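Q: One structure follows; several queries about it will come next.
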Amino acid sequence: AQTVTQSQPEMSVQEAETVTLSCTYDTSENNYYLFWYKQPPSRQMILVIRQEAYKQQNATENRFSVNFQKAAKSFSLKISDSQLGDTAMYFCAFMKLSYKLIFGSGTRLLVRP
Amino acid sequence: DTGVSQNPRHKITKRGQNVTFRCDPISEHNRLYWYRQTLGQGPEFLTYFQNEAQLEKSRLLSDRFSAERPKGSFSTLEIQRTEQGDSAMYLCASSPKGRGYNEQFFGPGTRLTVL
Numbered sequence: 001a002q003t004v005t006q007s008q009p010e011m012s013v014q015e016a017e018t019v020t021l022s023c024t025y026d027t028s029e030n031n032y033y034l035f036w037y038k039q040p041p042s043r044q045m046i047l048v049i050r051q052e053a054y055k056q057q058n059a060t061e062n063r064f065s066v067n068f069q070k071a072a073k074s075f076s077l078k079i080s081d082s083q084l085g086d087t088a089m090y091f092c093a094f095m096k097l098s099y100k101l102i103f104g105s106g107t108r109l110l111v112r113p
Numbered sequence: 114d115t116g117v118s119q120n121p122r123h124k125i126t127k128r129g130q131n132v133t134f135r136c137d138p139i140s141e142h143n144r145l146y147w148y149r150q151t152l153g154q155g156p157e158f159l160t161y162f163q164n165e166a167q168l169e170k171s172r173l174l175s176d177r178f179s180a181e182r183p184k185g186s187f188s189t190l191e192i193q194r195t196e197q198g199d200s201a202m203y204l205c206a207s208s209p210k211g212r213g214y215n216e217q218f219f220g221p222g223t224r225l226t227v228l
């Protein structure tokens, strides 16, 4: 069975600084997808960024980028130029071809003004 | 609003009562998923549909839980004889059918409190 581990329950960063959230996963699959989702307080979950396992190039979406290390089964999220609106719970998630998402326990990120 | 909608947004019930939640997916999406999220945890997969067919059910979905998606449009999740351990946020998501990856779009959730 696949598992996703987020070892940082809470993180804090100063506005405009850079922060990295960690995620490790366990799978015997070779083809899969990895995601970071954002869940702002009392608002719905939205996709931040995704990575296909067969792609060696790390995904980037504006201020968000990932460091995907397939052999190490590591998938960290870097947020550059942090903004107050980035304050949220961040979930790392895994999906194989069955399409269901397997989430980690989340990291609560606070961006301080 | 053309996103995923869920009703009700909040439900408070007494232990032993039955409750039913509704999810309306994005109209052109034929895959629909249910997840459960307890406080301080990530969502856990419950079940998913492709059109009206329920293709996978988690072991978390005990015999007190049933989900339907008649006609492949909206879906309902019913919990019979609710227990305090059923208190959670129930999330619905939908995605279009296609080869490979398709993004799942989440609804706002239904928060269930069992007293």
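Sequence lines, in order, name chains A and B.
In terms of this note's numbering, the first sequence has 13 at position 13, counting the first letter as 1, and numbering is strictly consecutive.
Take any residue in the second sequence, note its place counting from 1, add 113, and you have its number in this note's numbering.
Just so you know, even glycine gets a beta-carbon here, dropped at the ideal spot from N, CA and C.
Please read all numbers here as calculations on a predicted model, not as lab measurements.
Thinking C-beta only, is Q2 of chain A closer than 8 Å to T18 of chain A?
A: Walking along the first sequence from the start, residue 18 of chain A turns up at place 18. Walking along the first sequence from the start, residue 2 of chain A turns up at place 2. Contact: no.
Q: Pairs of beta-carbons, one from the stretch 201-218 of chain B and one from the stretch 138-153 of chain B, closer than 8 Å: are there three or more?
A: Taking 8 Å as the limit for Cβ pairs, the verdict is that the stretch 138-153 of chain B does touch the stretch 201-218 of chain B.
Q: Among B:K124, B:N131, B:R149 and B:T115, which residue has its Cα nearest to the Cα of L101 of chain A?
A: For this step, residue 101 of chain A is matched to residue 101 along the first sequence. Per the Cα distances, B:R149.
Q: Going by beta carbon distance, what residues of the same chain come within less than 6 Å of S74 of chain A, once the five residues before and after it are set aside?
A: Locating residue 74 of chain A in the first sequence gives position 74, counting from the first residue. Result list for S74 of chain A: T24, in chain order.
Q: Taking any Cβ of chain A, which residues in the stretch 134-167 of chain B have a Cβ under 8 Å from it, in chain order?
A: Answer in chain order: R144, Y146, Y148, G153, Q154, G155, P156, E157, F158 and Y161.
Q: Quick one, are the C-beta atoms of L34 of chain A and S76 of chain A less than 8 Å apart?
A: Within the first sequence, numbered from 1, the residue matching residue 34 of chain A stands at position 34. Within the first sequence, numbered from 1, the residue matching residue 76 of chain A stands at position 76. Cβ distance not < 8 Å, so L34 of chain A and S76 of chain A don't count as in contact.
Q: Considering only their Cβ atoms, is the gap separating S118 of chain B from G185 of chain B smaller than 8 Å?
A: For the purposes of this step, residue 185 of chain B is taken as residue 72 along the second sequence, with counting starting at 1. For the purposes of this step, residue 118 of chain B is taken as residue 5 along the second sequence, with counting starting at 1. Result no, Cβ atoms of G185 of chain B and S118 of chain B do not sit closer than 8 Å.
Q: Quick one: list the residues of chain B neighbouring F103 of chain A, beta-carbon separation under 9 Å, in chain order.
A: For the purposes of this step, residue 103 of chain A is taken as the residue at position 103 of the first sequence. Y148, Q150, Q154, G155, P156, E157 and F158, listed in chain order.
Q: Does F187 of chain B get closer than 8 Å to chain A when you measure Cβ to Cβ?
A: By 1-based counting over the second sequence, the position of residue 187 of chain B is 74. By this cut-off, F187 of chain B is not an interface position.
Q: CA-CA distance, V239 of chain B and F134 of chain B?
A: This structure leaves residue 239 of chain B out entirely; chain B is present only between 114 and 228.
Q: Which residues bound the beta strand (DSSP E) around F94 of chain A?
A: In the first sequence, the residue the question calls residue 94 of chain A occupies position 94. Counting along the chain, the beta strand (DSSP E) containing F94 of chain A begins and ends at A88 to M95.
Q: So with Cβ pairs under 8 Å, would you call G222 of chain B a contact of chain A?
A: Along the second sequence, read from residue 1 onward, the residue named residue 222 of chain B stands at position 109. It does; some Cβ of chain A falls within 8 Å.
Q: Take the Cβ of Y161 of chain B as the centre, count every other Cβ of all protein chains shown within 10 Å, and call the residue buried at 16 or more, exposed below.
A: By one-based count along the second sequence, residue 161 of chain B stands at place 48. Answer is buried; the Cβ neighbour count reaches 16.
Q: Using CA coordinates, which residue listed in B:K124, B:D199, B:I192 and B:S188 is at the minimum distance from Q167 of chain B?
A: Taking the first residue of the second sequence as position 1, residue 167 of chain B is located at position 54. With distances taken between Cα atoms, Q167 of chain B lies closest to B:S188.
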